[in-house]
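Okay, so the sequence shown: first residue is 11 according to the numbering used here, each after it adds one. The C-beta atom is built at its ideal place from N, Cα and C for all residues, glycine as well. Worksheet for the structure shown next.
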Amino acid sequence: MKPAFCLFARKILKPILEPHIEEINGLENIPKDKNFILASNHQTNLDHLFVPFPAEASLEKVHFIGKRDNILEFLVASFFYWAAETIPVNRKSKDKRKVLEKAVETLKKGGIIIIYPEGTRNRKKGVLEGKQEPLKWLQEAAYLLFRWR
């Protein structure tokens, strides 16, 4: 994430959002001194604000993989995508190799990747079946995978 956005997240967003976080499972699995991939379920548009906080000490290293299926959605979300240094993926494209290459490059540089393997927001309780393609990317990248509930 861009340094200015990290400062905003720590000083403004965290005090507002933290009281609304009920429970986080798996914090003990997050490495303190290594890069990693964090795979999270995706229930609201606000997940992008909540999910990075367990990695707060390393917010500057956080990069999302986020959809860019149509130009209107991308234009609406473009500031956040820029601020969060999101790696865009067009889910309709057959060849997503460039996304994997960018994610692996980011990890090799010490970055942290946040991905939503469900592939879409799930407004219901529980976890959806993960999409196979993002899970294959993670396996190919040979990095740790954490599942949050």
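Residues that DSSP places opposite residue i in a beta bridge
{"i": "V72", "result": "I122"}
{"i": "K77", "result": "V99"}
Among the options, the one whose alpha carbon lies nearest that of residue i
{"i": "G36", "options": "V61, A14 and G121", "result": "V61"}
{"i": "T96", "options": "I124, E115 and K118", "result": "I124"}
{"i": "K77", "options": "A49, F89 and Y126", "result": "Y126"}
{"i": "S103", "options": "V72, N55, D79 and Y91", "result": "D79"}
{"i": "I40", "options": "L23, F63 and T116", "result": "F63"}
{"i": "H52", "options": "F74, F90 and K21", "result": "F74"}
{"i": "T116", "options": "E70, I22, P25 and E38", "result": "E70"}
{"i": "I34", "options": "S50, K21, P25 and R20", "result": "S50"}
CB-CB length for residue i against residue j, believed under 8 Å
{"i": "F15", "j": "A94", "result": "7 Å"}
{"i": "V72", "j": "M11", "result": "5 Å"}
{"i": "H58", "j": "F90", "result": "7 Å"}
Secondary structure of residue i, DSSP reduced to three states
{"i": "A19", "result": "helix"}
{"i": "A94", "result": "coil"}
{"i": "E33", "result": "coil"}
{"i": "H58", "result": "helix"}
{"i": "P25", "result": "helix"}
Any chain C beta carbon closer than 8 Å to residue i
{"i": "R20", "result": "This model lacks chain C altogether, as it is built from one protein chain only."}
The segment 19-32 in contact with the segment 104-117 per 3-pair CB rule at 8 Å: No, the segment 19-32 does not touch the segment 104-117.
Assess, as a yes-or-no matter, whether the segment 77-95 is touched by the segment 41-53 under the definition of 3 or more beta carbon pairs within less than 8 Å. The segment 41-53 is not in contact with the segment 77-95.
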